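Novice: When we follow the working numbering, the leftmost residue of the sequence shown carries the number 96, and every step to the right adds one.
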Amino acid sequence: MRDEHTVICSPAVFELITDDAPAVRVKVDLTYHSRDPFAVQASFRTGHGSAVDWVFARDLLHDGLIAPSGNGDVRVQPVPHDPNRVQLELSSPSGHAVFTTCAQTLGEFLHRTYDAVAPGHEYSWLDFESALSELLQDKDTDRARD
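(1) Taking all protein chains shown into account, decide if Val135 is buried (16 or more other Cβ within 10 angstroms of its Cβ) or exposed.
(2) Given 8 angstroms as the limit, is there contact between the region 184-196 and the region 124-135, that is, 3 or more CB pairs closer than that?
(3) Considering just the uninterrupted stretch of the alpha helix (DSSP H) at Arg130, what are its terminal residues?
(4) Give me the Cβ distance between Asp148 and Ser138, rounded to the nearest whole Å; I'm assuming they're in contact under 8 angstroms.
(5) Measuring straight from C-alpha to C-alpha, what distance separates Arg130 and Pro178?
(6) Rounded to the nearest angstrom, what separates Gly190 and Glu184 at their Cα positions?
(7) Tell me, to the nearest whole angstrom, how far the beta carbon of Ala152 is from that of Phe133; I am working on the premise that it is less than 8 angstroms.
(8) Suppose contacts are defined by Cβ-Cβ distances below 8 angstroms. Is Ser145 in contact with Arg207 by that definition?
(9) If you draw a straight line from the alpha carbon of Asp319 to that of Val102, how long is it in whole angstroms?
(10) What separation, rounded to the nearest whole angstrom, lies between the Cα atoms of Pro175 and Glu99?
(11) Under 8 angstroms, do Ser186 and Asp168 count as touching if we go by C-beta distance?
(12) Spell out the partners DSSP gives Leu183 in its beta bridges.
Okay, here's the thing in structure tokens:
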């Protein structure tokens, strides 16, 4: 399976929630790579020509569709009193943002990732030899600079 590679991309619209203004629609590209089978990436299109990328566990997204999940920089949970929406909370040293989005859109994206790499089979998609080789090459490069 290591020789195979699958990339799943799905556009979505999130709404940035603020206390003092109406919600702002933000285009987000959700991406899954079978070479990094435990993670998903959310690329937030800011409208300034660049994207803000967040990478987090696929399981976190799945669990957050059902109940509050996450205790770090990324938290996901169903929106109270609206089972059709999910809340995504992002925190970093440079700021904090709360978004909501369609639960069905996230669920469909996750199902596509599970079709590519079934839950519990992620390790069979990892190429440990390649990762170790890259790590050792980076160390050798660092030593050569010193």
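Glycine is no exception: its CB is placed at the ideal position from the N, C-alpha and C atoms.
The structure displayed is predicted, hence computed values, not measured ones.
Specialist: Straight from the coordinates:
(1) Your numbering for residue 135 matches position 40 in the sequence shown. Result: buried.
(2) no
(3) Counted from its first residue, the sequence shown places residue 130 at position 35. Taken as a continuous stretch (DSSP letters only), Arg130 belongs to no alpha helix (DSSP H), as it is neither H nor E.
(4) Taking the first residue of the sequence shown as position 1, residue 148 is located at position 53. Taking the first residue of the sequence shown as position 1, residue 138 is located at position 43. Correct: roughly 5 angstroms between the Cβ atoms.
(5) For this step, residue 130 is matched to residue 35 along the sequence shown. For this step, residue 178 is matched to residue 83 along the sequence shown. Their backbone Cα atoms lie some 32 angstroms apart in a straight line.
(6) Your numbering for residue 190 matches position 95 in the sequence shown. Your numbering for residue 184 matches position 89 in the sequence shown. Spanning the two alpha carbons is a distance of roughly 11 angstroms.
(7) Here residue 152 corresponds to residue number 57 of the sequence shown, with the count starting at 1. Here residue 133 corresponds to residue number 38 of the sequence shown, with the count starting at 1. Indeed they touch by this definition, with Cβ atoms about 6 angstroms apart.
(8) In the sequence shown, the residue the question calls residue 145 occupies position 50. In the sequence shown, the residue the question calls residue 207 occupies position 112. Result no, Cβ atoms of Ser145 and Arg207 do not sit closer than 8 angstroms.
(9) For residue 319 there is no data in the structure shown, the boundaries of the chain being 96 and 241.
(10) In the sequence shown, residue 175 corresponds to position 80, counting from 1. In the sequence shown, residue 99 corresponds to position 4, counting from 1. In a straight line, the C-alpha of Pro175 is about 40 angstroms away from that of Glu99.
(11) Walking along the sequence shown from the start, residue 186 turns up at place 91. Walking along the sequence shown from the start, residue 168 turns up at place 73. Against a cut-off of 8 angstroms, the Cβ pair of Asp168 and Ser186 comes out as a contact.
(12) Numbered from 1 along the sequence shown, position 88 holds the residue referred to as residue 183. Partner(s): Val171, Phe194.
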